[in-house]
Amino acid sequence: MAADQLEPAESGNDGEIPMIFTGLRRFDRQTVIRQTSFYISGMIDQASYYNELFYALRTACETDLIYLHLNTTGGDFDTGLQIINNMQASAAHVVTVLEARAYSMGAFIFLAGDELVVHDNCQLLFHSYSGSLTGKGNEQQAQAVAIANWFGKFMARICQPFLHTREINAILKGSDLWMDSDEIRRRMLRLLRSNAPAAPARRQAATVPHAVLANGESGN
102 MAADQLEPAE SGNDGEIPMI FTGLRRFDRQ TVIRQTSFYI SGMIDQASYY NELFYALRTA
162 CETDLIYLHL NTTGGDFDTG LQIINNMQAS AAHVVTVLEA RAYSMGAFIF LAGDELVVHD
222 NCQLLFHSYS GSLTGKGNEQ QAQAVAIANW FGKFMARICQ PFLHTREINA ILKGSDLWMD
282 SDEIRRRMLR LLRSNAPAAP ARRQAATVPH AVLANGESGN
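Each residue of the sequence shown is one higher than the last, beginning at 102 in my numbering.
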């Protein structure tokens, strides 16, 4: 008699023959992952030039990947704000890639991504808004207060916790904040570590996913 077979009388369970484990079964499901790239280069211009980007973000599925490659000195604030709002409303996983410079509105777009990638020798610049007001004196005063409050809320929502509260307050008062790739990566690593679940003491700290940092950098 084979070693893995039992007669009914030998099983000791009312004659039931035990089931023999034959191994795990594999069940596959295939999904289509669509990857789309847009390049925001140079000045950010009027919103009508970005309709294709808006449409792609709004109609994307949860399995879609949308890459925004950034090399911009900033530009139209309203256009940038519409880009950010569409990014945040999109079902896709939006990856922002800093490829050279992202100044002003470009820096805000970079921080609005679901995943941030930064290459070597890049820069971010954060500063306050600029513009002009028209109308009667009291209207200009009311508009100035409203814009200042609105921009402060916008910066807090987009930039924290990447920027500290004291840094945001300094920017709102007129300071410029510059960062190179090393500083950007340091802050990204800090955020990843602060969001990582606590591991048992005997285990080593988790490494940073390579997708987050360009050129194979890790959190070790």
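Ideal Cβ placement from N, Cα and C applies to all residues, glycine included.
Inset, instruction - Compare the beta carbon distance of residue 226 and residue 177 with 9 Å and say whether it is the shorter of the two. - result: Within the sequence shown, numbered from 1, the residue matching residue 226 stands at position 125. Within the sequence shown, numbered from 1, the residue matching residue 177 stands at position 76. For residue 226 and residue 177, no; Cβs fall outside 9 Å.
Inset, instruction - Enumerate, from N- to C-terminal direction, the unbroken beta strand (DSSP E) stretches of 3 or more residues contained entirely within the segment 150-224. - result: 166-173, 194-204 and 216-219
Legend entry - Neighbour-count burial assignment, residue 282, 16 or more Cβ in a 10 Å radius: The sequence position of residue 282 within the sequence shown is 181, counting from 1. By the 10 Å Cβ count, residue 282 comes out buried.
Legend entry - C-beta contact flag for residue 290 and residue 262 at 9 Å: Taking the first residue of the sequence shown as 1, we reach residue 290 at position 189. Taking the first residue of the sequence shown as 1, we reach residue 262 at position 161. Cβ distance not < 9 Å, so residue 290 and residue 262 don't count as in contact.
Inset, instruction - Take the Cβ of residue 286 as the centre, count every other Cβ of all protein chains shown within 10 Å, and call the residue buried at 16 or more, exposed below. - result: Within the sequence shown, the letter at position 185 stands for residue 286. It counts as buried.
Legend entry - Contacting residues, own chain, Cβ-Cβ under 7 Å from residue 120 (five flanking each side not counted): Sequence index remark: in the sequence shown, residue 120 carries index 19 (1-based). Contacts found: none.
Legend entry - Rounded straight-line distance, which links the Cα of residue 243 to that of residue 250: Position 149 of the sequence shown, counted from the start, is the residue given in the question as residue 250. Position 142 of the sequence shown, counted from the start, is the residue given in the question as residue 243. One C-alpha to the other measures close to 11 Å.
Legend entry - residue 141 (DSSP reduced to helix, strand or coil): Start at 1 with the first residue of the sequence shown, and residue 141 comes out as number 40. Of the three classes helix, strand and coil, the one that applies to residue 141 here is strand, per DSSP.
Inset, instruction - Round the Cβ separation of residue 197 and residue 166 to the nearest angstrom and send it over; I've been treating them as touching at under 8 Å. - result: Looking up residue 197 in the sequence shown gives position 96. Looking up residue 166 in the sequence shown gives position 65. That belief does not hold up - the Cβ atoms of residue 197 and residue 166 are roughly 12 Å apart, past 8 Å.
Inset, instruction - Check whether the Cβ atoms of residue 168 and residue 138 lie closer than 9 Å to each other. - result: On the sequence shown, residue 168 is found 67 positions in, with the first residue counted as 1. On the sequence shown, residue 138 is found 37 positions in, with the first residue counted as 1. The answer is yes: Cβ separation under 9 Å.
Inset, instruction - Could you have a look at residue 227 and say whether DSSP puts it in helix, strand or coil? - result: Here the question's residue 227 lines up with position 126 in the sequence shown. Correct three-state label for residue 227: strand.
Inset, instruction - Assuming residue 209 contacts residue 199 (C-beta within less than 8 Å), just tell me the rounded distance between them. - result: Position 108 of the sequence shown, counted from the first residue, corresponds to residue 209. Position 98 of the sequence shown, counted from the first residue, corresponds to residue 199. With 8 Å as the limit, residue 209 and residue 199 do not qualify as a contact, their Cβ atoms being about 12 Å apart.
Legend entry - With 16 other Cβ atoms within 10 Å as the buried cut-off, status of residue 246: Position 145 of the sequence shown, counted from the start, is the residue given in the question as residue 246. Looking at its Cβ environment, which holds fewer than 16 other Cβ atoms inside 10 Å, residue 246 is exposed.
Legend entry - Counted within 10 angstroms of its Cβ, other Cβ atoms place residue 219 as buried (16 or more) or exposed: Walking along the sequence shown from the start, residue 219 turns up at place 118. Looking at its Cβ environment, which holds 16 or more other Cβ atoms inside 10 Å, residue 219 is buried.
Inset, instruction - Keeping to the same chain, check which residues put their C-beta closer than 7 Å to that of residue 103; ignore five residues upstream and five downstream. - result: Here residue 103 is taken as the residue at index 2 of the sequence shown, counted from 1. Per-residue confidence for residue 103 stands at a pLDDT of 49, beneath the threshold of 50, marking its modelled position as unreliable; the derived number appears in the next sentence. Counting only Cβ-Cβ distances below 7 Å, and skipping sequence neighbours, we find nothing.
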